[in-house]
């Protein structure tokens with residue numbers, strides 16, 4: 177009897193030890209699936225939870241940072257144990273700085289990633305698996321346009337969620353067009369006459385170099401002259417040109433179509449002098465730019481304009497009339513080394529969920545089907561007009577869009593091409609010569 181009791185007590189003791197060990201098990205390689213599972217077993221009282229400080233990295237300007245800081249302050253009201261610090265990093269430095277921080281294990285918890293950044297961080301295994309969202313009925317991942325989610329998937333797993341995607345639009349100064357007696361881009365688009373020929377004519381007519389007034393600025397997005405694809409990819413595609421072949425193994429921009437497109441841009445700069453000078457930081461808000469290509473989210477800035485009237489229009493049609501509209505995709509991803517996967521996933525769910533998408537609808541056109549074409553979004557503000565949103569944003573989304581050029585070695589390719597573009601900006605070489613150099617110097621980077 178004593179022997180049986182001794183054995184029994186030993187078994188109880190061992191079971192207790194094993195239970196305690198399994199309860200404390202935690203590995204750095206786990207997915208957010210396990211982190212989220214705790215929510216389904218009954219949420220903890222937020223006020224009793226341990227304080228958590230998260231870092232969210234974004235790009236943009238101080239206005240955007242303030243927008244997110246205010247939003248995160250409201251988030252803390254409903255999640256009192258969570259404080260979110262917003263890190264603003266210039267777009268041109270973003271990928272490199274994020275890479276450095278990640279390598280030193282000092283990166284943010286939740287990050288913005290553009291479509292061109294995703295391959296690097298996904299292929300290097302730096303992102304957390306958040307496939308648990310697929311089965312979250314309340315979150316409703318299927319409400320997000322599937323085409324915007326593909327780049328965040330690898331080996332049937334999900335590593336990010338897009339929050340904005342759509343064609344660049346052309347903001348135009350209605351007062352400038354009226355003063356010159358010109359039809360606006362939106363009016364010409366309605367008539368089916370908004371072509372690159374009309375675009376060039378309008379830009380030239382609107383220009384008054386003696387007053388520092390320009391007809392067009394194609395590089396409005398992030399006001400970045402170093403983002404050559406951001407400014408020119410629509411023009412390339414509209415003329416039947418492309419940067420890479422289908423599998424990304426060959427640089428194909430050095431073609432008659434590519435030369436025609438780049439020559440058009442060159443002539444805007446140096447022949448008609450209707451395009452803002454390279455490096456000039458002049459913005460649409462100044463009232464001295466007739467047409468300004470930018471993301472739809474720039475509407476949030478434009479709504480503060482009080483000294484002139486404005487609206488938006490689609491980019492013009494080119495020789496390749498059925499060319500797709502270029503779309504940038506930006507999404508949220510969780511860095512794998514985060515110390516707070518559960519809280520970070522909860523923040524991601526809010527920002528990309530129906531409530532967060534609605535809260536940010538004035539700044540980013542939502543890509544949730546239930547919100548994008550709803551009256552709530554279309555009438556959220558008098559500007560842009562409903563007619564313009566349908567023509568410039570929703571129309572291209574429904575008729576055909578395509579992500580901007582992607583390549584795993586994009587950073588090196590981007591730097592190389594921009595360096596060669598500078599030869600054109602200084603008029604050291606012609607568009608044709610620059611394209612020939614690009615083909616010669618970019619091709620080795622594709623292998």
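Residue numbers (our numbering): 177 to 623. Note that CB positions come from ideal geometry on N, CA and C, so glycine has one too. Since we're looking at a predicted model, the values are computed, not measured.
Runs of the alpha helix (DSSP H) lying entirely within the segment 522 to 565, each at least 4 residues long, are 530 to 535, 545 to 548, 551 to 554, 562 to 565 in chain order. Assignment of residue 419 by DSSP, reduced to helix, strand and coil, places it in the coil class. Secondary structure at residue 519: helix, using DSSP grouped into helix, strand and coil. Residue 262 is bridged by DSSP to 232. Under the Cβ criterion (8 Å, minimum of three pairs), the segment 507 to 523 does not count as touching the segment 380 to 388.
Rounded to the nearest angstrom, the gap between the Cα atoms of residue 595 and residue 518 is 43 Å.
Judged by beta-carbon spacing, residue 527 lies beyond the 8 Å limit of residue 353, meaning their Cβ atoms are not closer than that value.
Close CB contacts of residue 248 within its chain, under the 6 Å cut and outside five residues either way in sequence, are with 260 (chain order). Listed in chain order, the non-local C-beta contacts of residue 455 below 7 Å within the same chain comprise 401, local neighbours out to five positions each way being set aside. Cβ-Cβ distances below 8 Å link residue 545 to 319, 320, 321 in the same chain, with the five nearest sequence neighbours on each side left out; the list follows chain order. Within the same chain, Cβ atoms closer than 7 Å to the Cβ of residue 612 are found at 430, the five residues on either side in sequence being excluded.
Taking a cut-off of 8 Å for Cβ pairs, the segment 477 to 488 and the segment 553 to 570 touch, as three or more such pairs fall below it. Under the three-pair Cβ rule at 8 Å, the segment 305 to 314 does not count as touching the segment 281 to 295. Residue 406 is classed as buried because its beta carbon has at least 16 other beta carbons within 10 Å across all chains shown. DSSP places residue 468 within a strand segment (E or B) once states are collapsed to three.
Of the other Cβ atoms in all chains shown, fewer than 16 fall within 10 Å of the Cβ of residue 556; this residue is therefore exposed. Under DSSP, residue 493 shares a beta bridge with 371. Excluding five sequence positions before and after residue 619, the CB atoms of its chain that fall closer than 8 Å to its own CB belong to 426, 427, given in chain order. Per DSSP, residue 240 is one residue of the alpha helix (DSSP H) stretching across 238 to 254.
Looking only at 282, 280, 492, the smallest Cα-Cα distance to residue 376 is reached by 492. For the set 394, 494, 409, 435, the Cα lying nearest the Cα of residue 458 is the one of 394.
Here DSSP, grouped into helix, strand and coil, assigns residue 390 to strand.
Residue 281 counts as exposed, since fewer than 16 other C-beta atoms from the protein chains shown sit within 10 angstroms of its C-beta. Distance from the CA atom of residue 507 to the CA atom of residue 324, rounded to whole angstroms, is 9 Å.
Close CB contacts of residue 554 within its chain, under the 7 Å cut and outside five residues either way in sequence, are with 562, 565 (chain order). Buried is the label assigned to residue 469, since at least 16 other Cβ atoms lie within 10 Å of its Cβ. DSSP, read as helix, strand or coil, puts residue 508 in strand.
Across the structure, residue 378 and residue 452 are spaced so that their CA atoms are roughly 14 Å apart. Three or more pairs of CB atoms, one per stretch, sit closer than 8 Å, so the segment 341 to 353 contacts the segment 461 to 479.
Per the coordinates, the alpha-carbon of residue 602 lies some 48 Å from the alpha-carbon of residue 552. Shortest Cα-Cα distance from residue 571 to any of 432, 502, 623, 604 involves 502. For the options 409, 258, 274, 337, the alpha carbon positioned closest to that of residue 308 is the one of 337. Taking C-alpha positions only, residue 577 is separated from residue 447 by approximately 31 Å. Look at residue 330 here: in three-state DSSP terms it is strand. At least 8 Å separates the beta-carbon of residue 439 from that of residue 266. Note that the C-beta distance between residue 295 and residue 582 is below 8 Å.
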